Amino acid sequence: MGFGVGESLVILAVVLLLFGGKRLPQLGSSLGKAIQNFKKGMDENDTDDAKKDEDKKITK
């Protein structure tokens, strides 16, 4: 069960009412940076896990 066009428009209208038109670009920018940092952290975690697995193989 996903979001349709109607639900998306209602959510957008509520966000616009809560934050106003002037703060909406700032909110979007902040959200984008947060997502980028989250993905970067996940990639670093995967790299760290791969290094640990490699170290375990070498020491055995």
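Residue numbers 33 to 92, in the numbering used here, belong to the letters of the sequence shown in order.
Even for Gly, the Cβ is constructed at its ideal location relative to N, Cα and C.
For clarity, every value in this text was computed on a predicted model and none was experimentally measured.
Cα-Cα separation between residue i and residue j, rounded to whole angstroms
i   : j   : result
L44 : K71 : 25 Å
D75 : I67 : 12 Å
K65 : G73 : 12 Å
G38 : G53 : 20 Å
D41 : S61 : According to the sequence as given, residue 41 is Leu; it is not Asp. In a straight line, the C-alpha of L41 is about 20 Å away from that of S61.
Nearest-angstrom beta carbon gap, residue j and residue i [assumed within contact, 8 Å]
i   : j   : result
L56 : L48 : 7 Å
F51 : L63 : With a Cβ gap of about 11 Å, F51 and L63 do not count as contacting.
C-beta neighbour in chain B for residue i, strict 9 Å
i   : result
P57 : The structure shown contains no chain B, having only a single protein chain.
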